[in-house]
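Engineer: First the structure, then my questions, so here it is.
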Amino acid sequence: MSASLSFLGATGTVTGSRYLVEADSRRILVDCGLFQGYKQLRLRNWSPFPVPPQSIDAVLLTHAHLDHSGYLPALVRDGFRGKVHCTAATAELCGLLLPDSGHLQEEEARYAQRKHYSKHKNPLPLYTEDDAKRALQHLEVISFDRALEIGESLEARFLPAGHLLGAAQISLQVGSRSIHFTGDLGRKADPLMREPTSFEGADILVCESTYGNRKHQTVDAERELASIINRVVRRGGAIIIPAFAVGRIQGVMLQIARLRQSGAIPYIPVFLNSPMGISATDIYHRFHNEHHVSREECEAMNEVAERVRTVEESKDLNRRQGPFIVVSASGMLTGGRVLHHLASFGPDPKNAIVLSGFQAGGTRGAALVRGERNLRIFGREVEIKAEVVELGSLSGHADADELIGWMRNAPPPEMTYVTHGEPESADALRFRIEHELGWAARVPEHLERVSLDAPQ
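For any residue, its number in this note's numbering is found by taking its place in the sequence shown, counting from 1, and adding 85.
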């Protein structure tokens, strides 16, 4: 049986996760993510998919974050008719993320047309909310650790990855050959999620490298956040925390609830301004078996913030005087309600912008981390004078040491392909895999296709 693996995304970037496995006249797509960040990457979302969508037999989804799932509405709209296999929590979270993504794209296209800041006379969304709802009809739930038959010679197994509710590693058996996709690996000591299942070996390993050149700070997450909050409260400022609606918002609110309960921070108003974040927080209550937060702390996490649901309520926040905290999506400042808060509170030095997760290159969040203080928001330049703080203790990704530790006890694969990382991160992890583990490792090129027929 002839088989191949193609890297259709997540090479040279942490976004656009897409891997195509071809075997026995079948095409299986592992992940179907959006490219985000730099414009030249985002433009790939508008290019025709590298293979006709109707020729793909099935999609295997590691988890719900948009860089892994966010292109599904376009794939279905353009002809994909198969099943999208994923875990139960991933299916629920996609039910939030994908329609919201379509809605935001429609909203941004309308705003760009109204404000005349697009170079296109009639700017269009990549896909619509209705496209996303149609894509959800293709989701089919698979349990962790259960074999999924995809034709005669293809079998997949979803294994817990930590990182996020429903997040999976995917072990794919292709005839006599095995391929293991890490998806996004979580941490051993995550404040929310249980640790990822250990790697037991495969012929081919496809490994993420988001933090492949870094170690997470060893500072206490609650102490780090408390120091920031107390500092800004003393000067009467507002604290804006951009956070991913799924996973990160829940972690941030858990930390704030614990700090408030212990008296480490004063009692100030906290607002959760993300309808999707609100719904995702409710989902965390229903999937207790996937995380290690008690029901009591889940309730505290749920109740620590006043929920902001309407656009008018969101606008009212921009007229408030501090001190208070707003937790809002998106985590990399690429869109959503948080941009209005950034434009309103960013120019005042008594306020703070607290970045709570990885910032992909080309995003406003990455620009702030680099020290840039003039951002283009809704077609105009906004000078950021607020204090900018990057929290290093709340990441949901394994760092370089944790990735190496996860691999260390497994038999060596024939080849490890290092993906889903900025170039420096991917190459740094490749170097460590080769020199510390003695394994063969490569960083693949975009659209590269490799044979799976023979030892590599």
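Here a beta-carbon is modelled for each residue, glycine too, at the ideal position from N, C-alpha and C. On a predicted model such as this, the values are computed, not experimentally measured, just so you know.
Can you tell which of D538, A539, E533 has the C-alpha that lies nearest to the C-alpha of Y104?
Structural biologist: E533
Engineer: Counting C-beta neighbours from all protein chains within 10 Å, is the total for D275 16 or more, i.e. buried, or is it exposed?
Structural biologist: buried
Engineer: Check whether the segment 342-349 touches the segment 208-222, counting contact only when three or more Cβ pairs, one atom from each stretch, lie closer than 8 Å.
Structural biologist: When C-beta atoms of the segment 342-349 are compared with those of the segment 208-222, fewer than three pairs fall below 8 Å, so the two segments do not count as touching.
Engineer: Is the CB-CB distance between G118 and D152 below 8 Å?
Structural biologist: yes
Engineer: What ranges does the alpha helix (DSSP H) occupy inside the segment 184-251, keeping only unbroken runs of at least 4 residues that lie completely in it?
Structural biologist: 214-221
Engineer: Could you pull the DSSP bridge partners for M361 from this structure?
Structural biologist: DSSP lists no partner for M361.
Engineer: Do you know offhand how far D512's Cα is from K273's?
Structural biologist: A straight-line Cα-Cα distance of about 23 Å links D512 and K273.
Engineer: Do L224 and A176 have their beta-carbon atoms positioned less than 8 Å apart in this structure?
Structural biologist: Yes.
Engineer: If you pair each beta-carbon of the segment 302-322 with each one of the segment 360-380, do three or more pairs fall below 8 Å?
Structural biologist: no
Engineer: Does DSSP put E388 in a helix, in a strand, or in coil?
Structural biologist: helix
Engineer: Here's a check: name, in chain order, each residue in its chain whose Cβ is nearer than 6 Å to the Cβ of G416, leaving out the five neighbours to either side.
Structural biologist: P327, A328, F329, R333, G442
Engineer: Counting only the same chain and skipping the five closest in sequence on each side, list residues whose C-beta sits under 6 Å from that of H370.
Structural biologist: In its chain, beyond the 5 residues on either side, C383 have a beta carbon closer than 6 Å to the beta carbon of H370.
Engineer: What does P258 pair with, by DSSP beta-bridge criteria?
Structural biologist: The amino acid at residue 258 is misidentified as Pro; the sequence shows Gln. Bridge partners of Q258: E240, S263.
Engineer: Thinking C-beta only, is I264 closer than 8 Å to F430?
Structural biologist: Going by C-beta atoms, F430 is not nearer than 8 Å to I264.
Engineer: DSSP three-state call for M338: helix, strand or coil?
Structural biologist: DSSP, reduced to helix, strand and coil, places M338 within a helical segment of the structure shown.
Engineer: Between A95 and G167, what straight-line distance do the alpha-carbon atoms span, to the nearest angstrom?
Structural biologist: 23 Å
Engineer: Does DSSP classify F430 as helix, strand or coil?
Structural biologist: helix
Engineer: For the 8 Å Cβ check, are there 3 or more pairs between the segment 397-413 and the segment 469-482?
Structural biologist: no
Engineer: H170 lies in the beta strand (DSSP E); which residues open and close that run?
Structural biologist: 168-171
Engineer: What does the alpha-carbon distance come out to for the pair V161 and L209?
Structural biologist: So the two alpha carbons sit approximately 18 Å from each other.
Engineer: If we ignore side chains and look at the alpha-carbon of each, how far apart do H331 and S312 end up?
Structural biologist: The question names His, but residue 331 is Val in the sequence shown. Rounded to whole angstroms, V331 to S312 spans 25 Å at the Cα level.
Engineer: In angstroms with no decimal places, state the Cα-to-Cα distance between T172 and S347.
Structural biologist: If you take the alpha carbons of T172 and S347, they lie about 36 Å apart.
Engineer: Go through its chain and collect everything with a Cβ distance to A419's Cβ below 6 Å, but skip five positions before and after it.
Structural biologist: Contrary to the premise, residue 419 reads as Thr rather than Ala in this sequence. T448, listed in sequence order.
Engineer: Skipping 5 residues on each side, what residues in its chain have a beta carbon closer than 7 Å to that of A194?
Structural biologist: Within the same chain, A194 has close Cβ partners P208, L209, P210.
Engineer: Verify whether the separation of the beta carbon atoms of V503 and G297 is less than 8 Å.
Structural biologist: yes
Engineer: For L128, is the classification buried or exposed, using 16 other Cβ atoms within 10 angstroms of its Cβ as the cut-off for buried?
Structural biologist: Residue environment analysis places L128 among the exposed positions, since fewer than 16 neighbouring C-beta atoms fall within 10 angstroms of its C-beta.
Engineer: What do you reckon, are the CB atoms on G558 and G506 nearer than 8 Å?
Structural biologist: Only positions 86 to 541 of the chain appear in the structure, and residue 558 is not among them; the question remains open.
Engineer: Grab me the residues of L93's own chain with a C-beta within less than 6 Å of its C-beta, minus the 5 sequence neighbours each way, in chain order.
Structural biologist: In chain order, R103, L105, P135 place their CB closer than 6 Å to the CB of L93, counting only its own chain and leaving out the 5 sequence neighbours on each side.
Engineer: Mapping DSSP to helix, strand and coil, what is F409?
Structural biologist: strand
Engineer: Thinking C-alpha only, which one of E519, D215, E307, F165 is nearest L182?
Structural biologist: D215
Engineer: Flag this pair as yes or no: are the beta carbons of V423 and A390 separated by less than 8 Å?
Structural biologist: no
Engineer: Have a look at the DSSP bridge pairing and note the partners of T501.
Structural biologist: L290, A526
Engineer: Express the C-alpha separation of V454 and T147 in angstroms, rounding to a whole number.
Structural biologist: 28 Å
Engineer: What residues in its chain sit with their C-beta under 7 Å from that of D116, if we drop five residues either side in the sequence?
Structural biologist: S102, R103, Y104, L146, T147, H153
Engineer: If we ignore side chains and look at the alpha-carbon of each, how far apart do E107 and T501 end up?
Structural biologist: 18 Å
Engineer: Which same chain residues, not among the five before or five after R185, have their C-beta less than 6 Å away from its C-beta?
Structural biologist: The residue you asked about is not Arg; residue 185 is Asp in the sequence shown. Around D185: M361.
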